[in-house]
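Here is the structure we will look at.
Number of protein chains: 2
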Amino acid sequence: MPATIRDVARLAGVSPSTVSRALSMPEMVNAATRARVTAAVEQLGYQPNRAARGLITGRTGNIGLVVPDLANPFFASVAKGVQARARRYDVAVFVADTDEDAAAEVGLVRALAKQVDGLILCSPRAGDADLSAIAQETNVVLVNRTAEGVPGVIYDNEGGMQQAVAHLVALGHRRIAWVGGPVTSWSTQHRSIGLSNALYAHGAELARVGSFAPTYEGGIAAADQAVATGATAVVAYNDLVAIGLLARLHARGISVPGDLSVVGIDDIAMSRMARPSLTTVRLPKQEAGRIAVELLLAVLDDPDPDSAVGTRGTLHGELIVRESSGPAPHA
Amino acid sequence: MPATIRDVARLAGVSPSTVSRALSMPEMVNAATRARVTAAVEQLGYQPNRAARGLITGRTGNIGLVVPDLANPFFASVAKGVQARARRYDVAVFVADTDEDAAAEVGLVRALAKQVDGLILCSPRAGDADLSAIAQETNVVLVNRTAEGVPGVIYDNEGGMQQAVAHLVALGHRRIAWVGGPVTSWSTQHRSIGLSNALYAHGAELARVGSFAPTYEGGIAAADQAVATGATAVVAYNDLVAIGLLARLHARGISVPGDLSVVGIDDIAMSRMARPSLTTVRLPKQEAGRIAVELLLAVLDDPDPDSAVGTRGTLHGELIVRESSGPAPHA
DNA sequence: ACGGATGCTGCAAAGGATTGCAGTCGCCAC
DNA sequence: GTGGCGACTGCAATCCTTTGCAGCATCCGT
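Going line by line, the protein sequences match chains H and A.
FYI, my numbering numbers position 97 of the first sequence as 97, with every residue one higher than the one before it.
Going from the second sequence to my numbering is simple: count from 1 and add 1000.
The following block contains the structure:
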């Protein structure tokens, strides 16, 4: 039913090849001819059949995005950025959600890989070995994770932690607790190291508290242990955990920031709405998605693995001070 | 590089046609032959090229999902449901976000329509005329919206409102305010009507308050007007608005639920974390996405527009009572 | 006037899978 | 023995687009 290239060719009085060229390499065809072709295209509302094109070019014009959990606002924002930027390049985005399941992730990625030109893997939970194997056999860009020789975009966790620490130290805090996320999480390691370095530089103390799920429930579970460290401020793995902390601290009658300051990471929409509103390190989430698309498209245009060197973006966080952080209580 | 059907055929010692049949109509080929074919498929890791198949069958095996805003947790959940169910049928999902822009929506839908077998439009902002036109020229399933002759899944807004009202009336509330969402929103009309009917049935009074953005900010803006109605309870268009109400009420020193009860709709994750936690009507969000996929696939299998009659799912809400609703204050 | 370069266009061959039609073979029944 | 049926399998066309190569003018330079 939809118009084909032959319909256009007939209407314009040229061959299908000329139509094809008029559309994809305009400078190769005579201006007058080109005008006739574009007029015919316009009139018929012709759009090239992507399956047919893909068959011969070997490119689908599609990319895939894999995230652990779409319902997590952080990943939803990344997805938003990805699909906005992809649209600009007329690339469609398959979105897949692994439900935080590392095993399912690998299978899903393999299945998806056949249908797309490349994949964006956001905070993948898979092991390094699986990840490298996948990157070997398909075009991959990582977000929030690094792997040898694979392009990606990451956050400057170190810098973000420095901002948070500078803020807390200025408020008089000298002993600060860290509530870690999942052990398998790449970010939790780097954030913990960044925090440690920053605290060392300011001569302040670090108290690490276990490993918790990166969720509201994780924060609730962590609160009592954080309090027990005797720290006057807590930095949480992410905002969801921080908001969980706030809930449990409130339930225990511990005042925030009066008795304890709380700082999160991410700046999801919810953080502004928390009570008290949450001081946090804002990470540019949509920007990460946008850059990932750019990187991926660059890889697709130049599949030479050597030139992938250096194609790694780093984004910087910004400290957003709200109500949950305040002067350290007097000893 | 990947194996083609010819490679499989050669290895199995049959023709490509037989391979094709062995895979898509197994009962048509001899059991022994079929075994050889499947063995060859296994060995080569063969997967049919979807572009080539699509070229001849006219089907892509892809569907599209269009939502106003992926960063809105409600839509993120629907998207999660859609892609989970689609995967079960080996269908890939394109996700597109319109940024709440009705004009962009129409263009985006048209572009996407060429690349998929059908579309799921979730809470589309487009006008009825545009919507009908789109449904005419492509397979469409609506979520949270109705249109003449178009299958879809909606929520039983009336029933949800009845539950909320029964709860509030039992707590002694006799005058209840409604904070409406965008005028163009299909749900806002139906929720308002449902609320009105339920209140009438209980002999209670309704006070409507303007139309507000379906966001946290909308709730903040609505709070003072809601208070001014003299109502002892407020039902909000959705949870984001309700949480905005809570924030402004807190800022004004109005106690919830002591002075005023607040009820939301949706039950997004945030509602549990609000302070006070939010009483709300939980809508099955992922379920809506799953059903939408089922409906769409049914339409694809039977494109006869007449049989589309009756293919409309209705989902029921469930009242979740939390801290934000309590006994009406004594007059 | 002729060789050759230049600019544009058409021919035809892919690309991988599906499917209507026709062919083969074995077997049964008459 | 032959006609015919049934169960499989293969041939070849088809879906639509892209692209290497060849063809055709035109025009320039000598």
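Each residue gets a CB set at the ideal place from its N, CA and C atoms; glycine is no exception.
Residue i, buried or exposed, once every other Cβ within 10 Å from all chains shown has been counted against 16
i: P26/H; result: exposed
i: R6/H; result: exposed
i: A1201/A; result: exposed
i: T1314/A; result: exposed
i: I56/H; result: exposed
i: I193/H; result: exposed
i: D1099/A; result: exposed
i: R252/H; result: exposed
i: Q1083/A; result: buried
i: G289/H; result: buried
i: N238/H; result: buried
i: G160/H; result: buried
i: A223/H; result: buried
i: P124/H; result: buried
Distance between beta carbons of residue j and residue i, contact taken as under 8 Å
i: R275/H; j: R1248/A; result: Not confirmed; about 12 Å, so no contact.
i: R1050/A; j: Q162/H; result: Not quite, the Cβ-Cβ distance comes to about 48 Å (not below 8 Å), so this is no contact.
i: V1066/A; j: A1096/A; result: 5 Å
i: T280/H; j: A242/H; result: 7 Å
i: L1168/A; j: S1261/A; result: 6 Å
i: A79/H; j: L1070/A; result: 6 Å
i: V1091/A; j: I1063/A; result: 6 Å
Contacts of residue i in chain H (Cβ-Cβ under 7 Å)
i: P1054/A; result: Correcting the residue type first, residue 1054/A is Gly in the shown sequence and not Pro. Going along chain H in sequence order, the residues near G1054/A (Cβ under 7 Å) are A51.
i: F1094/A; result: A92, V93, F94
Short CB-CB distance (under 8 Å) between residue i and chain A
i: H202/H; result: no
i: D7/H; result: no
i: T229/H; result: no
i: Q47/H; result: yes
i: D97/H; result: yes
Cutoff 8 Å: residue i Cβ touching any chain H Cβ
i: Q1163/A; result: no
i: T1184/A; result: no
i: A1198/A; result: no
i: Q1083/A; result: yes
Pairwise C-alpha distance: residue j and residue i
i: G1127/A; j: E1318/A; result: 30 Å
i: Y89/H; j: G203/H; result: 49 Å
i: A213/H; j: A1298/A; result: 39 Å
i: S1211/A; j: R1191/A; result: 13 Å
i: A1164/A; j: T1184/A; result: 24 Å
i: R110/H; j: I134/H; result: 8 Å
i: L283/H; j: W186/H; result: 16 Å
i: A1198/A; j: V1234/A; result: 14 Å
i: L121/H; j: I1176/A; result: 48 Å
i: G61/H; j: G54/H; result: 8 Å
i: L112/H; j: R85/H; result: 20 Å
i: V1008/A; j: A1040/A; result: 6 Å
i: R145/H; j: L295/H; result: 14 Å
i: A1328/A; j: A226/H; result: 39 Å
i: G118/H; j: V140/H; result: 6 Å
i: G1258/A; j: G1326/A; result: 7 Å
i: L1245/A; j: T1232/A; result: 14 Å
i: V1106/A; j: P1151/A; result: 19 Å
i: F75/H; j: A166/H; result: 28 Å
i: L1300/A; j: H316/H; result: 46 Å
i: G1045/A; j: A236/H; result: 45 Å
i: Q1286/A; j: V1153/A; result: 12 Å
i: R1272/A; j: R322/H; result: 21 Å
i: E1158/A; j: E1148/A; result: 20 Å
i: I320/H; j: D1266/A; result: 29 Å
Under 9 Å by beta carbon: chain H residues contacting residue i
i: R1275/A; result: L246, A247, H250, A274, R275
Interface partners of residue i on chain A, CB under 8 Å
i: I333/H; result: Residue 333/H lies beyond the range of chain H shown here (1 to 331); nothing can be said about it.
i: S255/H; result: Residues of chain A passing the Cβ test: none, with the nearest at roughly 14 Å.
i: T138/H; result: In chain order: nothing, as chain A lies at least about 11 Å away.
i: D239/H; result: Going along chain A, no residue has its Cβ under 8 Å from D239/H, so there is no contact; the nearest lies around 11 Å.
Beta-carbon neighbours of residue i, restricted to chain A and to distances below 9 Å
i: S77/H; result: L1070, A1071
i: Y216/H; result: A1269, R1272, M1273
Residues that residue i contacts on chain H, provided the C-beta gap is smaller than 8 Å
i: T1060/A; result: A51
Chain A contact residues for residue i, given Cβ-Cβ distances below 7 Å
i: Q115/H; result: R1050, A1092
Proximity test, residue i beta-carbon vs the ligand FAD heavy atom, cut-off 7 Å
i: N197/H; result: In the structure on display, the ligand FAD does not appear, and there are no ligands present to speak of.
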